[in-house]
Amino acid sequence: RWVTQQIYDPGFKSAVTSQIQGLRGLAPGWDGYSAPRIDEAIVDAALKLVQELAPHIAPRPRVVPLSSGGLQFEWQAANGQSLELEFEDDSTIHYLRWHQAAGIEDEAFLSVDEVEEIEQLIKWFTDRADV
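Each position in the sequence shown, counted from 1, maps to that position plus 37 in my numbering.
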């Protein structure tokens with residue numbers, strides 16, 4: 038009987054949620070230039086997605102504010118593999134997955150409601166990365 042490998046991080050959802058919530062406090066110009074506040078609807082969409090993800094799906098991503106008023110999740114591995122999920126607005130995610138050694142570079146758009154497809158992207162990262 039085989040056991041499916043999982044990333045065990047009991048604090049995943051609470052830690053990522055906390056990082057996202059922390060972006061609410063960024064004032065206009067937070068980047069030292071003229072970046073707007075992070076869009077509340079995007080923050081809410083990101084929080085909703087995190088709660089809908091399977092538990093222990095991945096190591097914690099970096100939650101990065103964007104000067105456009107959006108945010109993105111970033112995973113980077115020691116082997117050069119990366120995955121970025123950018124919340125373009127409160128309904129659309131632009132993803133980029135990249136692994137130079139494997140010749141993989143693709144990007145596309147998904148609805149934030151396409152949780153299974155988003156989980157497949159995250160699993161692509163965790164199945165191949167040295168995490």
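All C-beta atoms, glycine included, are put in the ideal place defined by N, C-alpha and C.
Note that this is a predicted model, so its numbers are computed, not measured.
Among the options, the one whose alpha carbon lies nearest that of residue i
i, options, result
"Ala-83", "His-93, Pro-65, Arg-61, Ile-141", "Arg-61"
"Gln-88", "His-136, Val-152, Asp-76, Arg-99", "Val-152"
"Gly-117", "Val-80, Ser-51, Gln-137", "Gln-137"
Buried or exposed (CB count within 10 angstroms, at least 16 for buried), residue i
i, result
"Ala-95", "buried"
"Gly-140", "exposed"
"Phe-146", "exposed"
"Gly-66", "exposed"
"Pro-92", "exposed"
Contact belief for residue i with residue j at Cβ below 8 Å, rounded distance in angstroms
i, j, result
"His-131", "Glu-123", "5 Å"
"Val-149", "Leu-90", "11 Å between Cβ atoms; not a contact."
"Leu-133", "Glu-121", "5 Å"
"Ala-72", "Ser-104", "4 Å"
"Arg-74", "Gly-106", "7 Å"
Which of helix, strand or coil DSSP assigns to residue i
i, result
"Arg-99", "strand"
"Ile-57", "helix"
"Ser-71", "coil"
"Ser-105", "coil"
Open item on the list: Runs of 4 residues minimum, wholly inside the stretch 107–166: which ones carry the alpha helix (DSSP H) assignment?
Closed with: 152–165
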